[in-house]
Every structure is written in structure tokens, then in C-alpha cells.
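Novice:
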Amino acid sequence: MKHNLLASIAICIGIFSTSSAQSSEFVSSGFPQLDEWVKSCKVERPNALGYPGNYASRLDGFYQWYTANNMQNILINNAGDPFAQSGALSSLTFEREVIERFAPLYGFEQDNLWGIVTMSGTDGNNHGIYFGVNYLKKKTGKMPVVYVSDEAHYSNYRLCDVQNLDVQLIKSDEMGRMIADSLEAALDTTRPCLIIYAMGSTFKGAIDNQQELNAVLARHPEIEVYRHVDAALFGGYLPFTQYRYLVNRQQIEYESISISGHKFFGIDSPCGLFLTTREVYDNQASFDIAYLNANMRMISCSRSGVEPLKFWWLLNTVGIEGWSEQASAMMENTAYLVNELRRIGWPCWNNEYSNTVFFRRPSPEIVSKYNLANSYDDRFGGPLSHIVVMQHVRKDIIDQFVKDLQGN
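Residue numbers 49 to 456, in my numbering, belong to the letters of the sequence shown in order.
1) Please state whether DSSP places alanine 279 in a helix, a strand or coil.
2) Identify every residue that forms a DSSP beta bridge with histidine 434.
3) Whose C-beta lies closer than 6 Å to the C-beta of leucine 213 among residues of the same chain, with five residues either side of it excluded?
4) Taking 8 Å as the threshold, find out whether the segment 317 to 325 comes into contact with the segment 77 to 90 through three or more Cβ pairs.
5) Does the beta-carbon distance from asparagine 174 to leucine 207 come in below 7 Å?
6) Decide yes or no for the touch test of the segment 259 to 270 against the segment 223 to 235: beta carbon pairs closer than 8 Å, at least 3 of them.
7) Straight-line CA distance for arginine 209 to glycine 172?
8) Please return the same chain residues whose Cβ sits closer than 8 Å to the Cβ of tyrosine 461, not counting the five positions on each side in sequence.
9) Can you check the segment 253 to 320 for any alpha helix (DSSP H) of at least 4 residues that lies completely inside it and give the ranges in chain order?
10) Leaving aside the five residues before and after glutamate 92 along the sequence, list all residues of the same chain whose C-beta is less than 8 Å from its C-beta, in chain order.
11) If you drop the 5 nearest sequence neighbours on each side, which residues of the same chain put their C-beta closer than 7 Å to that of glycine 309?
12) Under 8 Å: do the segment 141 to 156 and the segment 281 to 298 share three or more Cβ pairs, one atom per stretch?
13) Could you please give the first and the last residue of the uninterrupted beta strand (DSSP E) stretch that includes asparagine 398?
14) Got a sec? Which residues, its chain only, sit under 7 Å from aspartate 221 by beta carbon, not counting five neighbours each side?
15) Considering only the beta carbon of each residue, do phenylalanine 406 and leucine 389 sit closer than 7 Å?
16) Using the C-alpha atoms, what's the distance from serine 372 back to glutamate 443?
17) With distance defined between alpha-carbon atoms, name the residue in Gln158, Asp236 and Asp278 nearest to serine 168.
18) Do threonine 188 and glutamate 272 have their beta-carbon atoms positioned less than 7 Å apart in this structure?
19) With a 10 Å radius around its C-beta and 16 neighbouring C-beta atoms as the bar for buried, classify alanine 69 as buried or exposed.
20) Quick check for students: name the residue ranges of the beta strand (DSSP E) that lie wholly in the segment 139 to 171, counting only runs of 3 or more.
21) Have a look at alanine 377 and isoleucine 337 and give me their C-alpha separation to the nearest angstrom.
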């Protein structure tokens, strides 16, 4: 089955990888409610600027191959460890290949690697926190304290609540980065430290200064440390830029990382990657499940078998070269948006390395038209909105947005 599937995918890549731009043709379902919803999605997609979705993704070829083989009528369930023996009617073989091919981008070595394709970025963070707790408990016999910035994605402290963990929210500076002195003041030197680094804070697109924060932790060798990076969107595009060292664990130390698949990579449903070391995985609680003939150390049992195939397809149809071109265009268009806003005198701010631009909030009509995300910060004059410059946010869309602002 494995070789037949490989052959089918290889053939279909040749047939469909040059598929045309996403069709605007409308096909009725026969259900008015569904049809109206589809029409609204197609109208709103080009102006979706406030959230980190890639609306220029191309999975046309994947779905042509998938439906041509009636795979939509077969359950593909990746229940198990992709680094163990693959089960029937799963895509675990492809899931493992995806992990192994992405791993070098983040500085992981093949002989010390474990990971899964997750159900979402939050699922990846959940595994990072859970694995970190188990790793530190096994090494020290103590429950850790979790440290995370007050501008990190809310899922991190929500997950700590789910796992009943002690959390210290560390103050961030005005641009959204965890303050090193505040971390040091909050450290409990009697317990292990599980620190979550935000690689792209939710609203301002800030990256915690890992080198500075690691230096704080290095001053306390009595504290056992586990570092998890919530890389979400930024973990997608940074490996394809001059800032790739920020996600390379050989250059900036960390134990696990979570990256979203439905953001930069453009997969059409929530999913992601969770990468860690084999050492961390081997220090998890062992759960041998007889009916699965597997050791289930991860949190989830059933995982989608389709999302790993989409990752695999994109690796082979877009790949490093394509993603590098996309990341370069995103950074160029981010700088263009900042320059255009400043040209018309509209207050705006942008963190280094970031494709997120936040600015004085415009009228409700513009917020609605461009699906902008909002926040509030007295340090920047109060009401704010932001744009996340993804692959579909081209210069012509930016020009129209700025034109609308000028008439605001």
C-alpha cells in the first residue's frame, strides 16, 4: 500500500502541480444556505488582512488527486507514534517523513528527533507544556512553574489552567517582548522552570529575546529548565529568511517547538508541527496500549491522517525554494505597508522580523471591510488594529487599503 500510494502521489504531482490559480467559478450545492456562505467566503477572502491565514495557498492538485481516488470515503487515522511501526489505513509513514524533512530547518538532528503533525497550534503547545512538565518531574521529582509573557497567545495560559499548573505571567515591554528583569524577579529558585517563548505575540507580532532570557536562566544553574517555543506563524516563514537562526536550536537553545500549518504553509484546516528531541520523548510517561500495539506517550489518540499528506504534498510541490520566495515577498510587502502608512501620516509600528503591522484603529467600516483584528494600548494612543501581511496581501491590496484610510 505504501509504494502504491507513493507512486500515485508522484504521478499526480506531475499532473496537478502546475494547476491554475484558485477558481472563482461557483458550483451550487443545491442548498441555498451553503451556497450563500460559499459566496461570502469568496467575496471576503481577498480582503482578509487581520488574521494570519494564507489565502493564496494552492491545494487544488492535492484535492484533485484525493477525490479522483475516492480517498474522501476512506478514514485515514494516524493513531500512534509515527516513529514506531505504521498501522493499517494510516499515513504515519508520510507523517514521519514530514517531521524528518522539516526538522533540519529548526536545528534538530535526525538521531535525536521526535514529533507529530498536530491538530492545531494549540495542540502543539499542549504537547510542549505536557512534555516539559513530565520531563522536569522525571529529572527533579518536582512540579515546575510555568513562565510566559502577558502578550503571548492566550492558549498557553489556558492550557496551563487545563493542566492545573502554577503560572507566572511575566510583563512584556511596550512592543510585546517578555522583560528579562521581570522574569528574573519572578523566578522560584526552589522549583524547575518551564518557560514558553512567544515567537510572534498575538497582536504586536513580537518575538521574545531568547538569548537575553536564556542568559537570565543561565545565572541560576540551580534551576532545571525546559524551553518551549510557541512559533505558530513565525515558525513557518522565519526558516526561509535571513533570520532563520531564531528558530535553530543549535544557535538558540530550546527543547520543543510548535509551528502552525494553517498559517504560512496554507493548509486549509487547523494543523501544525510539534518537534522535540528523542531524549524528551523518552522521558515521558509510558502508555503501552495492547489493542493499538503501540506506546501512546502523546496526548491525542486519533490524529488526522490527511493533514500529514497535505504537508507532504506542499513539501514536494512548493518546497524550500517556493517558501523562500513567499517569505521574501511577505517581508518586502510588510516594509511597503509600513512606508505607505507613514507616508500618509498614519501612526503605525512593526517589530523587527515581524510581518505584523499595528496602527491607530480606523473607522468601524474599514475594520469590517478588511476583517482587521483590534486591541487597545494607552502607550500607543488607545484603540489599535493590525494587519498580518500574508502571501495574499499584495501591493495592490495595500494600495487600496491605504486609499481607504486616506478617505477615513
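All C-beta atoms, glycine included, are put in the ideal place defined by N, C-alpha and C.
Here the structure is a predicted model, which is why all the values come from computation and not from measurement.
Specialist: Reading it off the structure:
1) Residue mapping note: residue 279 aligns to position 231 of the sequence shown, counting from 1. Strand.
2) Position 386 of the sequence shown, counted from the first residue, corresponds to residue 434. The partner list for histidine 434 (beta bridge, DSSP) reads Phe406 and Ala421.
3) One-based indexing of the sequence shown puts residue 213 at position 165. Taken in chain order, the residues that qualify are Val194.
4) no
5) On the sequence shown, residue 174 is found 126 positions in, with the first residue counted as 1. On the sequence shown, residue 207 is found 159 positions in, with the first residue counted as 1. Yes.
6) yes
7) Here the question's residue 209 lines up with position 161 in the sequence shown. Here the question's residue 172 lines up with position 124 in the sequence shown. Correcting the residue identity first, residue 209 is aspartate in this sequence and not arginine. Distance between the alpha carbons of aspartate 209 and glycine 172: 16 Å.
8) Absent from the model: residue 461. The displayed extent of the chain is 49 to 456, so no value can be given.
9) 258 to 266 and 282 to 285
10) Start at 1 with the first residue of the sequence shown, and residue 92 comes out as number 44. Excluding positions up to five away in sequence, the list reads Asn419.
11) Residue numbering aside, residue 309 sits at position 261 when the sequence shown is read from its first letter. The answer, listed in chain order, is Ile315, Cys319, Gly320, Leu321, Glu355 and Phe359.
12) yes
13) In the sequence shown, the residue the question calls residue 398 occupies position 350. Looking at the DSSP string, the run of the beta strand (DSSP E) that includes asparagine 398 is 396 to 398.
14) Along the sequence shown, one-based indexing puts residue 221 at 173. The residues are Ile227.
15) Locating residue 406 in the sequence shown gives position 358, where the first residue counts as 1. Locating residue 389 in the sequence shown gives position 341, where the first residue counts as 1. It is not a contact, given that the beta carbons lie outside the stated cut-off.
16) Within the sequence shown, numbered from 1, the residue matching residue 443 stands at position 395. Within the sequence shown, numbered from 1, the residue matching residue 372 stands at position 324. Residue identity check: residue 443 is lysine in the sequence provided, not glutamate. Whole-angstrom Cα-Cα distance: 18 Å.
17) Position 120 of the sequence shown, counted from the start, is the residue given in the question as residue 168. It is Asp278.
18) The residue labelled residue 272 in the question sits at position 224 within the sequence shown. The residue labelled residue 188 in the question sits at position 140 within the sequence shown. Yes, the Cβ-Cβ distance between glutamate 272 and threonine 188 is below 7 Å.
19) Here residue 69 corresponds to residue number 21 of the sequence shown, with the count starting at 1. Because the pLDDT of alanine 69 is 43, which lies under 50, any placement of that residue in the model is unreliable, and the number read from its coordinates should be weighed accordingly. With fewer than 16 other Cβ atoms within 10 Å, it is exposed.
20) Considered as a whole, the segment 139 to 171 harbours 162 to 166 as its complete beta strand (DSSP E) runs of no fewer than 3 residues, in chain order.
21) As a first step, residue 377 is located in the sequence shown; it is residue number 329 there, counting from the start. As a first step, residue 337 is located in the sequence shown; it is residue number 289 there, counting from the start. Cα to Cα, alanine 377 sits roughly 47 Å from isoleucine 337.
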